[in-house]
Structures are given as C-alpha cells and as structure tokens.
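S.K.:
Numbering (the working numbering), first residue to last: 720 to 1006.
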C-alpha cells in the first residue's frame, strides 16, 4: 500500500512538473513577467524549448527589443526545418527563382546560411533587385507590415479566401489604405497614379516595411484585385486576421509599429499551431 501511495505521489509530482514546464521556461527570464508578457509566455517557452531562439547570458530575453530581417529569417529557418526551397529536391525549387548571391549578404554574414537557404525572388515583397544584384537588407528592423511581407504564408495556401472576404476583412482595418474603383476604369490597370507610387520601382530601396494602398475594382456584383501587390498583401492581411495569427487592435492593424522579439515569437508560434491544426505542419517542420 505504501509503495502504491509513493508511486501515486511520483506520478502526480511528475505531472505537475510537466504541466508547469512552459511557464517555468518563460519566467526564468528576469524580464519576462506574467503581468506584462503573459500573452507571450507560451510562445517564448515553446520557441526557446525548440531551439528557435534563445535568451541572453545575463538571464534576460529582451522581449521588447526590435527584430531585424535576418533574425526573423533565422527563426523561420529553425522553426520550419523541413522547408528549404533553395535546396535541390525540396519545396518548389526552380532555378528561375533562385538567387545565387545577395549583394548585401556576404558569405561571412552571421545569417548567410539561413537567408540563402530560404529567400528567393518569390519572396518579392522582401527582396529588391538593384544594379548591384538582389538586396535583402538583412539588418533592417521590421515593423508589423514588414513581418507580414516576410512570413511564409504560402504554407497556408489551402486556406484560400475569396476577393469579397478579403475586402470585408481589410476594409474593417481603419489604418489600412484602400482604393475602390470601377472595373471599367482602364487607368486602374494601365498607368494609374496609384500604381506609380513606388510599389514596382526597382530603385526604391527597401520596401519591406512599406504599406501601399490596396486596390480593388468592382464589376457589378463581382470584386477584383487588379494588381499583384494588392492581391498578395490584402490576402495576407485578411488571412492573418481570420486565423488570429496577426490581428488588428480596436480596428487598426498598426502596420508601422516596430516588431519586438515577444511579438515575433508569438506570431511564428501561432503560425506553427495553425499548420498543426490544419494537418499541414509535418510538411514544413519536424518540431
């Protein structure tokens, strides 16, 4: 009887330790407290536990420090360790999309392996061509729209939204600029001033953090998205809002707010959980 009670105690104690491990992993950082970062504790614990990100030698996590493009790319690389589109035989490897060498990511850059393994011209909102070659701007800090442009949302390709649903969702975001025109307005397609605002300018520098007006065109009861930029960004914003991965707050997406470490790991953790929920995770991650 005594042995049974002892085993029962060991079982209960072990269960408590197991269930409290995530909280312990987050709270072991001196600057991650539940009062301020309760919303990010699970994500921090998960991402640290999986080796996607780490704390600092002084025992801090620095949850409020801003994240740059290289850091975000490294996190994506580590979390989705089965996705290597630039490796032979993986992803949708296509020589026409590959970038042999970035002009601003030399082979001795600390994130060279991760950037060169993941990023190609299909990530076109995050990559810029120039006379010197393709530019990634690895050290540029990200804002929230920059995070949208860098997230691998093609992993959620099966969750397709109609143009009408995309419009309904993004038009509810008060701080996202939207222009609706008539489908018969040829200027919307050819030489419209809103398409000359730099969204397709190859010499405009780093455009990852820029949010251009999203263009929609009505044709009777049908709604069209007439340009590639609007189609990609509007669909991404709508999908993020619908899935809860990145959402508007009080009707505003706050696209220009800078991305912190706590926010970055939370967004990636939510994407991971969404892929797990839909059964698509194993294709991209072994974690």
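Glycine included, each C-beta is placed from N, C-alpha and C at the ideal position. For clarity, every value in this text was computed on a predicted model and none was experimentally measured.
Under the rule that 16 or more other beta-carbon atoms within 10 Å means buried, what is residue 955, buried or exposed?
M.R.: What you label residue 955 is simply residue 236 of the chain shown in a count that begins at 1. Buried, by the Cβ-count rule.
S.K.: Please state the DSSP three-state secondary structure of residue 791.
M.R.: Position 72 of the chain shown, counted from the first residue, corresponds to residue 791. Note: residue 791 maps to helix in three-state DSSP.
S.K.: What do you get for residue 788, buried or exposed, if any count of 16 or more other CB atoms within 10 angstroms of its CB means buried?
M.R.: Here residue 788 is taken as the residue at index 69 of the chain shown, counted from 1. Residue 788 should be labelled buried.
S.K.: Write down the C-beta distance between residue 973 and residue 916 rounded to the nearest angstrom, noting that I regard them as a contact closer than 8 Å.
M.R.: Numbered from 1 along the chain shown, position 254 holds the residue referred to as residue 973. Numbered from 1 along the chain shown, position 197 holds the residue referred to as residue 916. Their Cβ separation, rounded to whole angstroms, is 21 Å, which puts residue 973 and residue 916 out of contact at 8 Å.
S.K.: By DSSP's criteria, residue 977 is part of a beta bridge. Which residues make up the other side?
M.R.: For the purposes of this step, residue 977 is taken as residue 258 along the chain shown, with counting starting at 1. Looking at the DSSP assignment, residue 977 forms a beta bridge with 862.
S.K.: What did DSSP end up calling residue 919 once you bin it into helix, strand or coil?
M.R.: For the purposes of this step, residue 919 is taken as residue 200 along the chain shown, with counting starting at 1. Residue state for residue 919 is assigned as coil, using DSSP reduced to three classes.
S.K.: Look at residue 839 and residue 862 and say whether their C-beta atoms are less than 8 Å apart.
M.R.: Your numbering for residue 839 matches position 120 in the chain shown. Your numbering for residue 862 matches position 143 in the chain shown. Contact: no.
S.K.: Spatial neighbours of residue 792 within its chain, please: C-beta separation below 8 Å, excluding the five flanking residues on both sides.
M.R.: Locating residue 792 in the chain shown gives position 73, where the first residue counts as 1. Within the same chain, 830, 833, 834, 837, 838, 857 and 869 come within 8 Å of residue 792 by CB-CB distance, once the 5 residues on both sides are set aside.
S.K.: Quick check on DSSP: helix, strand or coil for residue 761?
M.R.: Walking along the chain shown from the start, residue 761 turns up at place 42. DSSP places residue 761 in helix when its eight states are reduced to three.
S.K.: Which value, in whole angstroms, describes the spacing of the CA atoms of residue 732 and residue 776?
M.R.: As a first step, residue 732 is located in the chain shown; it is residue number 13 there, counting from the start. As a first step, residue 776 is located in the chain shown; it is residue number 57 there, counting from the start. Below a pLDDT of 50, predicted positions are generally treated as unreliable, and residue 732, at 36, falls in that range; the measurement from the model is reported next regardless. Distance between the alpha carbons of residue 732 and residue 776: 30 Å.
S.K.: For the beta strand (DSSP E) containing residue 897, list its first residue and its last residue.
M.R.: Here residue 897 corresponds to residue number 178 of the chain shown, with the count starting at 1. Start and end: 897-901.
S.K.: Leaving aside the five residues before and after residue 810 along the sequence, list all residues of the same chain whose C-beta is less than 7 Å from its C-beta, in chain order.
M.R.: Taking the first residue of the chain shown as 1, we reach residue 810 at position 91. Only weak support is given to the placement of residue 810: the predicted model assigns it a pLDDT of 46, under 50, and the value that follows is read from those uncertain coordinates. Excluding positions up to five away in sequence, the list reads 802, 803 and 804.
S.K.: With a 10 Å radius around its C-beta and 16 neighbouring C-beta atoms as the bar for buried, classify residue 786 as buried or exposed.
M.R.: Taking the chain shown and counting its residues from 1, one reaches residue 786 at position 67. Buried.
S.K.: Grouping DSSP H, G and I as helix and E and B as strand, with all else coil, what is residue 777?
M.R.: Along the chain shown, read from residue 1 onward, the residue named residue 777 stands at position 58. If DSSP states are grouped into helix, strand and coil, residue 777 belongs with coil.
S.K.: I'd like to know if the region 765-782 and the region 981-989 are in contact, where contact means that at least 3 CB-CB pairs between them fall below 8 Å.
M.R.: yes
S.K.: Beta-carbon separation of residue 818 and residue 794 under 8 Å?
M.R.: Along the chain shown, read from residue 1 onward, the residue named residue 818 stands at position 99. Along the chain shown, read from residue 1 onward, the residue named residue 794 stands at position 75. Contact: no.
S.K.: Classify residue 740 as buried or exposed, calling it buried when 16 or more other Cβ atoms lie within 10 Å of its own Cβ.
M.R.: In the chain shown, counting from the first residue as 1, residue 740 sits at position 21. Note that residue 740 scores 47 on pLDDT, short of 50, meaning its location in the model is unreliable; the coordinates nonetheless yield the value given after this. The residue in question, residue 740, is exposed, as its Cβ has fewer than 16 Cβ neighbours within 10 Å.
S.K.: Since I believe residue 978 is in contact with residue 866 (beta carbons under 8 Å), could you give me their beta-carbon distance rounded to a whole number of angstroms?
M.R.: Taking the first residue of the chain shown as 1, we reach residue 866 at position 147. Taking the first residue of the chain shown as 1, we reach residue 978 at position 259. Right, their Cβ atoms sit about 5 Å apart.
S.K.: Between the Cα of residue 975 and those of 849, 864, 842 and 782, spot the shortest distance and give me the residue it belongs to.
M.R.: Here residue 975 refers to the residue found at position 256 of the chain shown. Among 849, 864, 842 and 782, the Cα nearest to that of residue 975 belongs to 864.
S.K.: Residue 875 and residue 958 - do their beta-carbons sit closer together than 8 Å?
M.R.: As a working mapping, residue 958 is identified with position 239 in the chain shown. As a working mapping, residue 875 is identified with position 156 in the chain shown. It is a contact, given that the beta carbons lie within the stated cut-off.
S.K.: Alpha carbon to alpha carbon, what distance is there between residue 850 and residue 996?
M.R.: Position 277 of the chain shown holds residue 996. Position 131 of the chain shown holds residue 850. The straight-line gap from Cα to Cα measures roughly 43 Å.
S.K.: Does the Cβ-Cβ distance between residue 883 and residue 934 come in under 8 Å?
M.R.: Counting from one through the chain shown, the residue named residue 883 turns up at place 164. Counting from one through the chain shown, the residue named residue 934 turns up at place 215. The answer is no: Cβ separation not under 8 Å.
S.K.: Check each candidate in 824, 770 and 981 and name the one with the smallest Cα separation from residue 1005.
M.R.: Looking up residue 1005 in the chain shown gives position 286. Of 824, 770 and 981, the residue nearest in Cα terms is 770.
S.K.: Closer than 7 Å by C-beta to residue 820: which residues in its own chain qualify, once you throw out the five before and the five after it? Chain order, please.
M.R.: Along the chain shown, one-based indexing puts residue 820 at 101. For residue 820, where only same-chain residues beyond five positions count, the Cβ hits under 7 Å are 852.
S.K.: State the start and end residues of the unbroken alpha helix (DSSP H) segment that holds residue 884.
M.R.: Here residue 884 refers to the residue found at position 165 of the chain shown. That run of the alpha helix (DSSP H) goes 882-889.
S.K.: Between the alpha carbons of residue 1001 and residue 991, how many angstroms are there, rounded?
M.R.: Locating residue 1001 in the chain shown gives position 282, counting from the first residue. Locating residue 991 in the chain shown gives position 272, counting from the first residue. Pairing residue 1001 with residue 991, the inter-Cα distance amounts to about 10 Å.
S.K.: Nearest-angstrom Cα distance between residue 841 and residue 887?
M.R.: Reading the chain shown from its first residue, position 122 is the one you call residue 841. Reading the chain shown from its first residue, position 168 is the one you call residue 887. Cα to Cα, the separation comes out at about 27 Å.
S.K.: Quick check on the DSSP output: the beta strand (DSSP E) that includes residue 936 runs from which residue to which?
M.R.: In the chain shown, residue 936 corresponds to position 217, counting from 1. 933-938 is the span of the beta strand (DSSP E), which, as asked, contains residue 936.
S.K.: Give me, in chain order, the residues of the same chain whose beta-carbon lies closer than 6 Å to that of residue 742; leave out the 5 immediate sequence neighbours on both sides.
M.R.: In the chain shown, the residue the question calls residue 742 occupies position 23. Residue confidence for residue 742 is low, a pLDDT of 47 falling below 50, so the modelled location carries little weight and cannot support an answer.
S.K.: Among 993, 931 and 937, which has the Cα closest to the Cα of residue 877?
M.R.: As a working mapping, residue 877 is identified with position 158 in the chain shown. Nearest option by C-alpha distance: 993.
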